[in-house]
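Here the structure comes first, spelled out in C-alpha cells, and everything after it is commentary.
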Amino acid sequence: MKRTNAIGIVSKGGRYSIGTFAHPDIAFEFTSWLSPEFKLYLITEFERLKTNEAYQKKNRLASK
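Going by the numbering used here, the sequence shown opens with residue 149, and the numbers climb by one from there.
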C-alpha cells in the first residue's frame, strides 16, 4: 500500500453518513475469515458465475 498509495479501508463520518468502507477484496477476505459458511458461499457463487460465463461464451461462438 505504501508503494501505490492505495487506500484499502476508509472510516469517515459525515452529516448523514457514518461508517467504515473497504475495498470489496478486503471485505470478502475479512468476512470469509469471520464465517466459514460465507466463504463457502462465495466460492460456490464464483464457480457458478464462471460456469455461466463459459456456457454463454460457448453459445455465442456456436451461433456464429
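Cβ coordinates follow ideal geometry from the N, Cα and C atoms, glycine included.
Would you kindly work out how many angstroms separate the C-alpha atoms of residue i and residue j, rounded to a whole number?
| i | j | result |
| --- | --- | --- |
| F169 | F194 | 22 Å |
| R208 | Y189 | 28 Å |
| H171 | A210 | 38 Å |
| G167 | E201 | 34 Å |
| F178 | K212 | 43 Å |
| K198 | S180 | 20 Å |
| K206 | S183 | 35 Å |
| E185 | A175 | 15 Å |
In the DSSP assignment, find the unbroken alpha helix (DSSP H) run with residue i in it and report its ends.
| i | result |
| --- | --- |
| K198 | 184 to 210 |
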